[in-house]
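Participant: Got a structure here, written out as structure tokens. Questions coming.
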Amino acid sequence: MKYYFKLTFLGIIVLSSCGDSSKTQIDGTQQINVSPVFEKNISDNPSDPMPSAVKSFIQPIEGGKLPFVPKVTFFRLDLNKDSVSVFEIPTETANGLRKKFGTYDYNNLKDDLSANLPTLQIGSYLSHLSSSKSSYNFSTTSDDISYTLRIGKDSSNQDSIIKDIKNTLIAKNELPKRFVIFYDTPKVVMEKQTTLADTTTTSKTSSVTITKQTAQKALTKKKKEHAPTGSLEEYFLELANPNITYESKSGIREKILQFFTSPNAEVIFVNSSQETSTGIAINKYVKTISMTNRKVNIVDKKIEDGKIFEIYVSEK
Amino acid sequence: MGKYSKSMFLKNKITHKVSVIFVLFSFTIVPNAFAQQMSEDGVKTLSQEQLDGFREQAIKTINDLEKFVQVIANKKNSLDKKNDAIELALDLFISDTTTIEISSLSSNKTHIYPIGGYLARLKLLPYLSVKITWYKIYLGTQFVKGPNGYYYGSATFLQKFEGRSNNEMGNYTDVTKRHIIIVLKKLDLLNGDSKTNKYVLKLGDIKVEETTHG
Chain L
102 MKYYFKLTFL GIIVLSSCGD SSKTQIDGTQ QINVSPVFEK NISDNPSDPM
152 PSAVKSFIQP IEGGKLPFVP KVTFFRLDLN KDSVSVFEIP TETANGLRKK
202 FGTYDYNNLK DDLSANLPTL QIGSYLSHLS SSKSSYNFST TSDDISYTLR
252 IGKDSSNQDS IIKDIKNTLI AKNELPKRFV IFYDTPKVVM EKQTTLADTT
302 TTSKTSSVTI TKQTAQKALT KKKKEHAPTG SLEEYFLELA NPNITYESKS
352 GIREKILQFF TSPNAEVIFV NSSQETSTGI AINKYVKTIS MTNRKVNIVD
402 KKIEDGKIFE IYVSEK
Chain D
340 MGKYSKSMFL KNKITHKVSV IFVLFSFTIV PNAFAQQMSE DGVKTLSQEQ
390 LDGFREQAIK TINDLEKFVQ VIANKKNSLD KKNDAIELAL DLFISDTTTI
440 EISSLSSNKT HIYPIGGYLA RLKLLPYLSV KITWYKIYLG TQFVKGPNGY
490 YYGSATFLQK FEGRSNNEMG NYTDVTKRHI IIVLKKLDLL NGDSKTNKYV
540 LKLGDIKVEE TTHG
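Chains as they are written, first to last, in our numbering: chain L, 102 to 417; chain D, 340 to 553.
Right, dumping it as structure tokens:
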């Protein structure tokens, strides 16, 4: 009997230590996927006017006592090189656990950011956390332009825009639940013509050499190239073809994404009649299929405005 | 169920050997007690059928990871493809603090790396060619629910590493038995004013059990 209690107690300890011991039942939490807002326009062409753009992606993770405790990752994009360097704010640990959820408070976040952002040498830093909930003010050291990033509770427009200090719209996310900050003044935002119609251009943005017409032409051409002519099923079949190289499948991947409301549309797996998820978005899933060459059977799809926002698949 | 087993245990005064079996059985139902309690608090509890679906998904996910590891290690692949494979592989893990334990035949010590660092290192291994194969993948027993609402399972597999070199490094081959944690992570989702939760399957730490010449 004594043996039984010892083992059971040990079992509880092991199970407790397996997972995150922090609180998980917190109000105001949600999963938000973050990736570059303007990713479609980032190319490896050296003449692309964005090679020096430094972007920061703020990724709210499941919150603690605060609605959103951001996990901050900085990507420095240098399109003249074939690599992307990633810097993550090193967070301190408490009791062997990374500070997050209920244990990572705003003061720690502010300290971490203040301590580490200057080492990025991007000429900007987080200057002020304006509230404990959803707004952050950023400022650049090179000029007076400030950006406010609002991280809200849902994907409404109000929560996916970046405004300057005068409340002028600087950038608006094309895709919901995505945020981006340009630490340098946005020298060019090619999608400005299509998504930021009411953006007030600054003196720096007006010095951009690329014209609105050129940008629009390029965009239209790109869209035409990837306009799907076949069915989604046919494209998935092509993705599974082991005789087509991964690189050659990029066009097929683009075409598949045209069927979806967003590259972040969720893929749900149907196994033995049960729905399971790995939290993988369609843009990642098509890459996975391109590599694994698995055949995909579309079981169901949920559609909004003629496009798929959730797809149910089984694999062979 | 637990109470019934406990009373049977006391009533019949079964032997020490049988009591060990009982203890192990009870061990598996302790988390279910938590599950019931948490379920009353509005936290979703997965049915056996749902857990079976996740077991199937777990094997696929491990197979995916193997594929990504092969792509990353293969010297013939383009940098773009390797980087994509790293990105996809990282998405399979529960967090960027997940670790992998690395062993070598030349040392009794093992090293633990963050999974991201390991994959980046794998890409740059100084061999002419690298071939990594996983086989004998066995999923452990049922998922058990932890106090935090997550479910935990595990799997083991054998990894054969073959590195070929034409310099003084020579060729290197080993077979490592690995153990990997599988986590069903609970996500809280907001839908307007209402809150729901769902589970997604993610991979956890990978440990070394033993390394041999194969």
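Using N, Cα and C, we set each Cβ at its ideal position, and we do this for glycine too.
For clarity, every value in this text was computed on a predicted model and none was experimentally measured.
1) From V539 (chain D) to D401 (chain L), what does the alpha carbon distance come to, in whole angstroms?
2) Is L404 (chain D) close to chain B? Criterion is C-beta to C-beta, closer than 8 Å.
3) Which term fits D403 (chain D), buried or exposed, when burial requires 16 or more other beta carbons within 10 angstroms of its beta carbon?
4) Whole angstroms is fine: what's the gap from W473 (chain D)'s alpha carbon to T515 (chain D)'s?
5) Does L458 (chain D) pass the burial test, meaning 16 or more other C-beta atoms within 10 Å, or should it be called exposed?
6) May I ask you to check if the CB of F500 (chain D) is nearer than 7 Å to at least one heavy atom of the ligand GDP?
7) Please report how far the alpha carbon of A397 (chain D) lies from the alpha carbon of N505 (chain D), in whole angstroms.
8) In this structure, how does DSSP classify D435 (chain D) when only helix, strand and coil are distinguished?
9) In angstroms with no decimal places, state the Cα-to-Cα distance between L542 (chain D) and G352 (chain L).
10) Measuring straight from C-alpha to C-alpha, what distance separates Y511 (chain D) and L464 (chain D)?
11) Does the Cβ of Y336 (chain L) have 16 or more other Cβ atoms within 10 Å, making it buried, or fewer, making it exposed?
12) Can you list, in chain order, the residues of its chain whose CB lies under 7 Å from that of Y347 (chain L), leaving out five sequence neighbours each side?
13) DSSP three-state label for I521 (chain D), please.
14) Counting only beta-carbon atoms, is A424 (chain D) nearer than 8 Å to chain L?
15) Quick one: does Q389 (chain D) have its CB under 8 Å from some CB of chain L?
16) Check the Cβ-Cβ distances between I399 (chain L) and every residue of chain D, and say whether any is below 8 Å.
17) Please classify G455 (chain D) as buried or exposed, where buried requires at least 16 other C-beta atoms within 10 Å of its C-beta.
18) Whole angstroms are fine: how far does the CA of S493 (chain D) sit from the CA of L418 (chain D)?
19) For E416 (chain L) and chain D, any beta-carbon pair shorter than 8 Å?
20) Check the Cβ-Cβ distances between F407 (chain D) and every residue of chain L, and say whether any is below 8 Å.
21) Using alpha carbons as the reference points, say which of D:I521, D:T550, D:T551 lies closest to F393 (chain D).
22) Output, in chain order, the set of chain D residues within a Cβ distance shorter than 9 Å of S349 (chain L).
Facilitator: Result, derived from the coordinates:
1) 19 Å
2) Absent from the structure is chain B; the protein chains it does hold are L and D.
3) buried
4) 9 Å
5) buried
6) Although the ligand GDP was asked about, the structure shown includes no ligands whatsoever.
7) 38 Å
8) coil
9) 30 Å
10) 12 Å
11) buried
12) S391, M392
13) strand
14) yes
15) yes
16) no
17) buried
18) 32 Å
19) yes
20) yes
21) D:I521
22) Within 9 Å Cβ-Cβ: nothing; S349 (chain L) doesn't reach chain D, min ~11 Å.
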